[in-house]
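According to this note's numbering, the sequence shown holds residues 484 to 739 in order. Backbone N, C-alpha and C fix where the C-beta goes; we use that ideal spot for every residue, glycine too. Report on the following structure.
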Amino acid sequence: MPAPIAITRAVSRSIARCELTHLSREPIDLECARRQHDGYEQALARAGCVVERLAEEPELPDSVFVEDTALVLDELAVILRPGAESRRPETATVARALARHRETVELGAPGTLDGGDILRLGRMLYVGLSTRSGTAGIAALAEVVRRFGYDVVGVAISGCLHLKSAATALSPEIVLANPAWVDPRAFPGVEVLEVDPGEPHAANTLPVGGRLIYAAGFPQTAERLAARGYELDRIELSELAKAEGAVTCCSLIVSP
Ligand code: CIR
């Protein structure tokens, strides 16, 4: 079976000017952020992905967080319209890269949607109602994906940037979630594994190649996951966390 492709982008030299919603600005060590991002790409390679790294965008501070620019499904890729205006110019280069692998469709104005708000469980697309993604974006997405049998449902979140800050899929049937940020009842028929209450940011994990790429710094939740039989590849991503990024944000996985 051909390998999945992981699209990433080099950390921008202007990352210090990133958007911030729930965090206060702290100095970001660019060299360290780049080293950690290399480590993230190595974890993707260990999981069996072919990493396609897009060139640095020196003037687009948040451009390393490629997840927010597109939704990649088996049938097509939807080029999104990020909620933060500063991030809209990020989509053009991602669209070009994805066009080599998928039919692409652009989500038109006026709605906005960040990929970090989209949690896919099988044919269900849950979308966080966040500062970035709203009902007009959800309606536009629903219109595009309906013909492939996907349902799109808005989910209330509070206290975090994106839905996937609060919940990510371990499989189509199991979600890892922080119940303080999203009500687990938003995912009917799905088992919800809760993060350790002392680790609110621990719900973001990237399942790929039969393992979970997972940030260091959440030892209690990591233990819960290991006890459930998950294999974890734990990496340091602390510099990008200061920019409100986590493991899912830094790649777009294109399944073969
Ligand atoms: C932003 O606020 O847009 C970036 N500083 C962080 C984006 C993180 N992306 C994600 O969680 N998908």
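Residues near ALA526 by beta carbon distance below 7 Å, same chain, minus five either side: Along the sequence shown, one-based indexing puts residue 526 at 43. Sequence-distant partners of ALA526 (beyond 5 residues in either direction) whose C-beta falls short of 7 Å from its own C-beta, in its chain, are ILE696, ASP716, ILE718.
Does the distance from the C-beta atom of ILE640 to that of GLY611 stay below 7 Å? Position 157 of the sequence shown holds residue 640. Position 128 of the sequence shown holds residue 611. Yes.
Quick check: the segment 511-521 against the segment 692-710, are at least 3 beta-carbon pairs closer than 8 Å? Verdict: no, contact absent.
Beta bridge counterpart(s) of TYR609 as assigned by DSSP: Here residue 609 corresponds to residue number 126 of the sequence shown, with the count starting at 1. In DSSP, TYR609 forms a bridge with LEU602, VAL636.
To the nearest whole angstrom, what separates the beta carbons of ARG570 and ASP600, a pair I think is in contact under 8 Å? In the sequence shown, counting from the first residue as 1, residue 570 sits at position 87. In the sequence shown, counting from the first residue as 1, residue 600 sits at position 117. Going by Cβ atoms, the distance from ARG570 to ASP600 rounds to 13 Å, so no, they are not a contact pair.
Run of the alpha helix (DSSP H) containing ALA625, from where it starts to where it stops: Reading the sequence shown from its first residue, position 142 is the one you call residue 625. For ALA625, the enclosing alpha helix (DSSP H) covers residues 618-628.
Length of the line joining the Cα atoms of PRO510 and GLY637: As a first step, residue 510 must be located in the sequence shown, where it is residue number 27. As a first step, residue 637 must be located in the sequence shown, where it is residue number 154. Roughly 34 Å separates the two Cα atoms.
Suppose you measure from the CA of THR731 to the CA of THR688; what does that come to, to the nearest Å? Counted from its first residue, the sequence shown places residue 731 at position 248. Counted from its first residue, the sequence shown places residue 688 at position 205. Cα to Cα, the separation comes out at about 6 Å.
Can you confirm whether LEU659, when its beta carbon is compared against all beta carbons of chain D, has any partner nearer than 7 Å? The structure shown contains no chain D; it holds only a single protein chain.
Spell out the partners DSSP gives ARG717 in its beta bridges. Reading the sequence shown from its first residue, position 234 is the one you call residue 717. Partner residues in the beta bridge of ARG717, as assigned by DSSP, are TYR697.
Buried or exposed: which applies to ALA582, given that a residue is buried once 16 or more other Cβ atoms fall within 10 Å of its Cβ? If you number the sequence shown from 1, residue 582 lands on position 99. Taking every protein chain shown into account, the CB of ALA582 has fewer than 16 other CB atoms within 10 angstroms, so this residue is exposed.
Which residues in the same chain as SER495 place their Cβ atom closer than 8 Å to its Cβ, once the five residues preceding and following it in sequence are excluded? Reading the sequence shown from its first residue, position 12 is the one you call residue 495. The beta carbon of SER495 sits closer than 8 Å to those of GLU539, GLU540, PRO541, GLU542, LEU543, PRO544, ASP545, SER546, VAL547, all from its chain and outside the five residues before and after it, given in chain order.
Beta strand (DSSP E) runs wholly inside the segment 548-574, at least 3 long, in chain order: As far as the segment 548-574 is concerned, its whole beta strand (DSSP E) runs of at least 3 residues are 553-555, 560-562.
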